[in-house]
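Count the sequence shown with the working numbering and you get residues -16 to 90, in order. Ideal Cβ placement from N, Cα and C applies to all residues, glycine included. The structure under discussion appears below in the form of structure tokens.
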Amino acid sequence: MSFVEIAQTDQLPVGTMKSFSVSAKTILVANIEGKYYAIDGKCSHAGGDLSKGTLEGKIVTCPRHGSQFDVTTGKTIRGPKIIIRFSTKDVSHYNVKVEGKSIKVEV
Ligand code: FES
């Protein structure tokens, strides 16, 4: 595994998130209070695009069935709801470092 440049800091203002394609993966990067975090960009339930969901604090909500993940850890906060609520597994979490204006993710 090595760190790969994924974005520039000016692409991700505080409180925003965006997904990027790196090494055949879709990775969601979020800026939480000036610190950057990276998790899988695809929901662990059925592959929903998390970048199209909502970010409130450090919690991203999937636009498809409402699963929620902590972007700082990838841990599932809430599973999907399709009539009843199910469980879903955590998404992968990636190490991030910033060098100058360059955001790098370990993949
Ligand atoms: S695909 Fe994300 S909650 Fe179903």
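Problem set entry | Nearest to Phe52 (by Cα), restricted to the options His28, Ser(-15) and Val88 | One-based indexing of the sequence shown puts residue 52 at position 69. Considering only alpha carbons, the answer is His28.
Problem set entry | Those residues, in chain order, that have a beta-carbon closer than 7 Å to some heavy atom of the ligand FES | Cys26, His28, Ala29, Gly30, Gly31, Cys45, Arg47, His48, Gly49, Ser50, Pro63 and Thr71
For this session: Would you check if the distance between the CB atom of Leu11 and the CB atom of Ser34 is smaller than 8 Å?
Result: Within the sequence shown, residue 11 is the residue found at index 28, counting from 1. Within the sequence shown, residue 34 is the residue found at index 51, counting from 1. Their beta carbons are under 8 Å apart, which means Leu11 touches Ser34 by this criterion.
For this session: Would you mind working out which of Lys64, Arg68 and Ile(-11) sits nearest Ser6, comparing C-alpha positions?
Result: On the sequence shown, position 23 is the one that residue 6 refers to. It is Ile(-11).
Exercise. Exposed or buried, what is Phe69 when buried is set at 16 or more other beta-carbons lying within 10 Å of its beta-carbon?
Worked result: For the purposes of this step, residue 69 is identified with residue 86 of the sequence shown, where counting begins at 1. Answer is exposed; the Cβ neighbour count stays below 16.
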